[in-house]
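Each remark here refers to the structure printed beneath this line.
In UniProt numbering, the protein residues as written are 1 to 107.
Rendered as structure tokens:
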């Protein structure tokens, strides 16, 4: 799973460089994110700009990532496209994650 990380003060921006978060890549996604956030205590923002598809397994992976953050932290998503936003709205997960229109809004 191709994910780039960039720490900006107390914010860790993780850029997802894959078009899909689905059943085929959910485990790799969780493992990669886990390795990137394990020693970080601040806010975690996923840049979803390149993600064009999110299925139920991908959604489950996002929830698992938020749970591993612990400490009451909520996973933040930025640059979600129309399809990803629809999935989040249909499942009411748009109220679980913090959504930002852009990385600038997240800052």
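Cβ atoms here follow ideal geometry from the backbone N, Cα and C, with glycine treated the same way.
Simplified DSSP state of residue i, which is helix, strand or coil
i	result
residue 85	helix
residue 20	strand
residue 43	strand
residue 7	strand
Inter-residue Cα distance where the pair is residue i and residue j
i	j	result
residue 44	residue 34	11 Å
residue 85	residue 54	9 Å
residue 90	residue 56	11 Å
residue 88	residue 94	5 Å
residue 107	residue 23	31 Å
Assumed close pair residue i, residue j - CB separation to whole angstroms, cut-off 8 Å
i	j	result
residue 69	residue 97	Contact flag wrong, Cβ pair sits at about 11 Å.
residue 42	residue 10	4 Å
residue 2	residue 49	Wrong, their Cβ atoms sit about 13 Å apart, outside the cutoff.
residue 19	residue 51	7 Å
Paired residues, beta bridge with residue i - DSSP
i	result
residue 77	46, 99
Chain B contact for residue i (CB, 7 Å cutoff)
i	result
residue 9	Of the chains in the structure shown, none is chain B; there is only one protein chain.
Proximity to residue i [Cα-Cα], best of the options
i	options	result
residue 101	29, 13, 47	47
beta-carbon residue i near the ligand GDP non-hydrogen atom, thresh 6 Å
i	result
residue 66	Within the structure as shown, the ligand GDP is missing, as the structure has no ligands at all.
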